[in-house]
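Novice:
In my numbering, the protein residues as written are 28 to 332.
1) Give me, in chain order, the residues of the same chain whose beta-carbon lies closer than 7 Å to that of residue 30; leave out the 5 immediate sequence neighbours on both sides.
2) Which class does residue 315 belong to by DSSP, given the choice of helix, strand or coil?
3) Tell me which residues share the same chain as residue 240 and place their Cβ nearer than 8 Å to its Cβ, disregarding the 5 neighbours each side in the sequence.
4) At what residues does the alpha helix (DSSP H) containing residue 112 begin and finish?
5) Three-state secondary structure (DSSP) at residue 123?
6) Looking only at C-alpha atoms, which of 233, 215, 175, 213 sits nearest to residue 207?
7) Should residue 293 go down as buried or exposed, given a rule of 16 or more other Cβ atoms within 10 Å for buried?
8) Using the Cα positions of residue 326 and residue 164, report the straight-line distance between them to the nearest angstrom.
9) Only counting the same chain, and skipping five residues up and downstream in sequence, which positions put a Cβ closer than 6 Å to that of residue 62?
10) Please identify the residue among 214, 324, 221, 233 whose C-alpha is closest to the C-alpha of residue 288.
11) Enumerate in chain order the residues of its own chain whose CB-to-CB distance from residue 74 is below 6 Å, with the five nearest sequence positions on each side excluded.
12) Where does the unbroken alpha helix (DSSP H) through residue 62 begin, and where does it stop?
13) At which residues does the alpha helix (DSSP H) containing residue 131 begin and terminate?
14) How about residue 131 and residue 262: do their beta carbons lie closer than 8 Å?
15) Using 8 Å as the cut-off, can you tell me whether the segment 81 to 90 makes contact with the segment 121 to 140, which would need three or more C-beta pairs spanning the two stretches below that distance?
16) Would you check if the distance between the CB atom of residue 97 and the CB atom of residue 256 is smaller than 8 Å?
17) Could you check whether the segment 276 to 284 touches the segment 107 to 119, counting it as contact only if at least three pairs of C-beta atoms, one from each stretch, sit closer than 8 Å?
18) Look at the alpha carbon of residue 55 and the alpha carbon of residue 68, and state the distance between them as a whole number of angstroms.
19) Quick one: what does DSSP say residue 10 is sitting in, helix, strand or coil?
20) Quick check on DSSP: helix, strand or coil for residue 291?
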């Protein structure tokens, strides 16, 4: 059992030297069943944001997601030789996007530190053509877990959003949980709302530049979460972690959670509706696309409170 005040240095080897699923090993059938008991209202929240070419936060280097028409009404008659009756047809699309576009989940192979991924897997296990030889997103499958939503703007009294660049600490998370009357337990997913998405959309609607500084967790909060044996951490910002990065250490929280502890990250989740309803506890279901060797996947998590 992990100490509740001090995180393990790493989870490497905890579930075997060949483990590729990390903290998801904590989700036994008994833990998932217990998590389902947290559903009290039956309300369902879709946490994904739209995948589109504009009007949502996008990273320039990842390109613009595209939906291209593969076939439409201009192909009428194409299937006549197959017995297609007049007036019958089909529309199909081609989707072109980066795996970390809009709402997405990071695979354990996404980030490395000191040339190592989770469980000591070398950074050279990622190949240009073959993709991840280990720790790819397909290793996740799908999962369901109890989830706790911590509404930080309400906790801080900041109005619509937490001040950009604010480093959210473990004490802050603990305070928000106490204020909301919820407890973070082993096997949980912790969802941290900063209000960044609403700030971004409001700024764009006014023709303003929202900037890239974002409130998020730093190393202290990452250690707090790891000490509680959570399986994943989600947020409504770009990287879960504070930007500028804590200690000017690029992806510091990613290295603590993904690399050291095998704890997954879910990014750009829309948590506003659930927070407005005071839906702070429930069951979260996540099903990333099983793209072999991929470093991440778009997701539309479903939260049932």
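Ideal Cβ placement from N, Cα and C applies to all residues, glycine included.
Specialist: Working from what's here:
1) Caution applies to residue 30, whose pLDDT of 40 falls short of 50 and renders its modelled position unreliable; the value that the coordinates give is listed next. Counting only Cβ-Cβ distances below 7 Å, and skipping sequence neighbours, we find 254.
2) coil
3) 191, 192, 270, 271.
4) From DSSP, residue 112 is part of no alpha helix (DSSP H); its letter is neither H nor E.
5) strand
6) 175
7) buried
8) 12 Å
9) 172, 173, 310
10) 214
11) The beta carbon of residue 74 is closer than 6 Å to those of 296, 297, 328, 330 in its chain, skipping five residues each way along the sequence.
12) 56 to 63
13) Residue range 131 to 133 is occupied by the beta strand (DSSP E) that includes residue 131, with no alpha helix (DSSP H) assigned at that position.
14) When the beta-carbon positions are compared, residue 131 and residue 262 stay at least 8 Å from each other.
15) Verdict: yes, contact present.
16) no
17) no
18) 24 Å
19) As displayed, the chain neither begins before 28 nor continues past 332, which places residue 10 out of reach and without an answer.
20) strand
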